[in-house]
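Report on the structure given below.
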Amino acid sequence: MLRRLVSRVREWIAVEDPEERIEGTGEPIMSPKNRRCAEAESMLRDSQEALENRPDDRFE
Numbered sequence: 001m002l003r004r005l006v007s008r009v010r011e012w013i014a015v016e017d018p019e020e021r022i023e024g025t026g027e028p029i030m031s032p033k034n035r036r037c038a039e040a041e042s043m044l045r046d047s048q049e050a051l052e053n054r055p056d057d058r059f060e
């Protein structure tokens, strides 16, 4: 009886093989906070480049 109980507890707390249960691209997972920060930085960089490449109408 004790052996059966221990066996059931082991099955209950057992973790599946991570290679079989996790599917994805293989890229590292970033927290939402860090992801937003990276997106914001790229948006700022793109905006800065667009401003630098825009002709200045004030001097025409």
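Mapping the sequence shown onto UniProt numbering, position 31 (from 1) lands on 31, and the numbers just tick up by one. Just so it is clear, CB atoms sit at the ideal spot from N, CA and C, and this is done for glycine as well. Nothing here was measured: the structure is a model prediction, and the numbers come from that model.
TODO: Tell me whether Val15 sits in a helix, a strand or coil according to DSSP, three-state version.
DONE: Along the sequence shown, one-based indexing puts residue 15 at 15. Here DSSP, grouped into helix, strand and coil, assigns Val15 to coil.
Task: Coarse secondary structure for Pro32, derived from DSSP in three states - done: To locate residue 32, count along the sequence shown from 1; it is residue 32. Annotated three-state conformation of Pro32 is helix, per DSSP.
Open item on the list: My output table needs one value for Arg10: the three-state DSSP class, helix, strand or coil.
Closed with: Taking the first residue of the sequence shown as position 1, residue 10 is located at position 10. Helix at Arg10.
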